[in-house]
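In this note's numbering, the protein residues as written are 314 to 560. All C-beta atoms in this analysis are idealised placements derived from N, C-alpha and C, irrespective of residue type, glycine included.
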Amino acid sequence: MILLVITLCTFAQGINLFTPPASSKDTVAAIDFHGEKIAGPFSEWFRECDGKNTCDGKPIRYGCHSDPNNNSALLRLKGGVIFFDAKMDVDADGSPYSKQTPGKTDQPETSLRYSIAGKPSINSDRVPYIVIPQGAFASALGIELGDIAAVVYGRKRVFAVVADEGPQCKIGEGSIQLHEALGHSVCKQRAPNGDCVRIRDVGIERDVLYFIFAGTHKALLPGLKPENINARILAIGENAWRNLSGR
314 MILLVITLCT FAQGINLFTP PASSKDTVAA IDFHGEKIAG PFSEWFRECD GKNTCDGKPI
374 RYGCHSDPNN NSALLRLKGG VIFFDAKMDV DADGSPYSKQ TPGKTDQPET SLRYSIAGKP
434 SINSDRVPYI VIPQGAFASA LGIELGDIAA VVYGRKRVFA VVADEGPQCK IGEGSIQLHE
494 ALGHSVCKQR APNGDCVRIR DVGIERDVLY FIFAGTHKAL LPGLKPENIN ARILAIGENA
554 WRNLSGR
């Protein structure tokens with residue numbers, strides 16, 4: 314019996330646990346999706362929110378029926394990289410737009426701040442970033458604010474930073490700049506200084522692929538400021554992607 318269990322476990326670890334959508338198949342062709350499923354309640358919570366508009370059995374103010382997570386995989390890949398697929402809503406937190414729209418779901422500040430005078434937030438309109446669920450998600454998966462992620466949609470791949478936290482049972486949200494970089498235009502009008510002043514609050518419904526490189530915050534955060542964040546995200550992201558893909 315013991316030998317049978319060991320054999321079955323070994324076999325399970327060799328199974329390809331995710332098949333990418335046809336639109337992004339070439340973009341992630343070098344990625345090995347032989348990993349392990351993340352233990353814990355997270356995937357169940359995302360499905361529960363999609364199906365019942367509840368979170369861990371409790372009613373929530375903003376449910377998922379009209380905006381489902383569409384998450385089918387939550388995996389730990391080679392090197393401890395955390396992977397999941399989902400939708401991608403628009404998160405304007407930290408942008409000039411969010412500071413001028415009180416009362417809406419957008420917040421004026423982000424969870425991650427620069428360690429400089431005034432501790433400013435990460436500007437959604439200038440920096441590609443993603444949002445992770447608050448609560449135990451980050452600690453259970455070994456993720457921290459400031460970690461770098463690769464986000465794939467179709468033939469595009471953009472590097473981003475984990476900069477904000479959202480509802481516990483929702484997954485899949487990205488900054489204005491991340492949407493724009495992925496070819497999904499969400500800014501309807503810009504001011505003369507380039508700031509977005511009107512947003513098309515329509516996300517990507519499904520098939521966005523997220524790869525979070527746990528631990529990369531250690532390289533990003535020291536000395537981080539608005540003037541160098543995008544260059545650092547790109548450099549750290551490219552190196553992490555090479556380690557994952559082998560190319």
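Taking C-alpha positions only, H492 is separated from I328 by approximately 32 Å.
Excluding sequence positions up to five before and after G467, its CB lies within less than 6 Å of the CB of S336, S337, all in the same chain and listed in chain order. For G364, the uninterrupted alpha helix (DSSP H) run begins and ends at 355-365, by DSSP. A check of alpha carbon separations from F524 across I489, I445, V515 identifies I445 as the nearest. Note that the C-beta distance between V464 and V403 is not below 7 Å. Of the other Cβ atoms in all chains shown, 16 or more fall within 10 Å of the Cβ of T529; this residue is therefore buried.
According to DSSP, residue pairing for I542 in a beta bridge does not occur.
In this structure, I435 is the residue among I435, D508, Q502, N506 with its C-alpha nearest to the C-alpha of A473.
A Cβ-Cβ separation of about 16 Å leaves Q502 out of contact with S437 under the 8 Å criterion. In the three-state scheme derived from DSSP, where H, G and I count as helix and E and B as strand, I456 is classed as coil.
Residue range 489-494 is occupied by the alpha helix (DSSP H) that includes E493, with no beta strand (DSSP E) assigned at that position. The secondary-structure analysis by DSSP pairs E478 across a beta bridge with I445.
Exclusion of the five residues before and after G353 leaves A453 as the residues of its chain whose Cβ lies within less than 7 Å of its Cβ.
If one requires a minimum length of 4 residues, the alpha helix (DSSP H) runs lying completely within the stretch 511-541 are 530-533, in chain order.
Ranked by how close their Cα comes to the Cα of R513, the residues Y410, A343, G364, K365 have Y410 in first place. For Y410, the enclosing alpha helix (DSSP H) has its first and last residue at 409-412.
Contact annotation: F526 and I461 have beta-carbon atoms nearer than 7 Å. Here the alpha carbons of R389 and I395 stand approximately 5 Å from one another.
About 4 Å separates the beta carbons of I517 and M401, which is inside the 8 Å limit, making them a contact pair. Cβ-Cβ distances below 8 Å link A343 to S558, G559, R560 in the same chain, with the five nearest sequence neighbours on each side left out; the list follows chain order.
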